[in-house]
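Engineer:
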Amino acid sequence: MKQITSGMGLVPPQQGGSHFNYEVDAWLREMDFIVSEVSYMNTRLAFVVDVVNGPQAIADAEVYQNKLLEFHDQLQVIREQIKQHKETLKLNKVAQHPAYDKKNAAIHSKLRKVIVTAEKDYVNIKNDFNKFIAQLSGLH
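For the sequence shown, this note's numbering assigns the number 1438 to the initial residue and increments by one for each residue that follows.
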């Protein structure tokens, strides 16, 4: 199959590239985005706590901060698993023949499920966080 290179930004596949590698790179970018969003939520929480008075509000915020930190740690573990998988793909040259390496394909499939779960968890945490901040701020 001939690749179109009309200057539209289409990049030919890198040597040893495959759909696995592209998906892994997308996962890493997504994890970076979610980690930065969780960091932003922590910062936002700190700003609200600085404004809000009351021991119960501070205690509730601390519980929520711990929840965010725990999720952040989970994301870092997932990110490391993705990086290890990427290295395995490189070392085993799976990129050239991904269909022949069932072990790496199984790992890839398992990681895909972990990513989907992390995405869902992120959406839930973000929605809950926004409700929590609104409640803490007295906007609810």
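Idealized CB from N, CA, C, for every residue including glycine.
1) Report the option in A1571, A1555 and N1564 whose CA atom is closest to the CA atom of E1507.
2) Is I1519 buried or exposed, if buried means 16 or more other CB atoms sit within 10 Å of its CB?
3) Could you check what DSSP says for Y1559 in three-state terms: helix, strand or coil?
4) With a threshold of 8 Å on Cβ separation, who are the neighbours of E1460 within its own chain once the five nearest residues in sequence on each side are excluded?
5) Among the residues of its own chain, which have a CB less than 6 Å from the CB of V1472, if the five just before and after it don't count?
6) Is it buried or exposed, V1475, if we count other Cβ atoms within 10 angstroms and call 16 or more buried?
7) Pick from Y1477, N1541 and P1492: whose alpha carbon is nearest that of L1573?
8) Given a cut-off of 8 Å on the beta-carbon distance, is the pair V1485 and I1570 in contact?
9) Report the rounded CA-to-CA distance for R1466 versus N1567, giving the unit in angstroms.
Structural biologist: Considering the structure as presented:
1) A1555
2) buried
3) helix
4) H1545 and R1549
5) L1512
6) buried
7) P1492
8) yes
9) 23 Å
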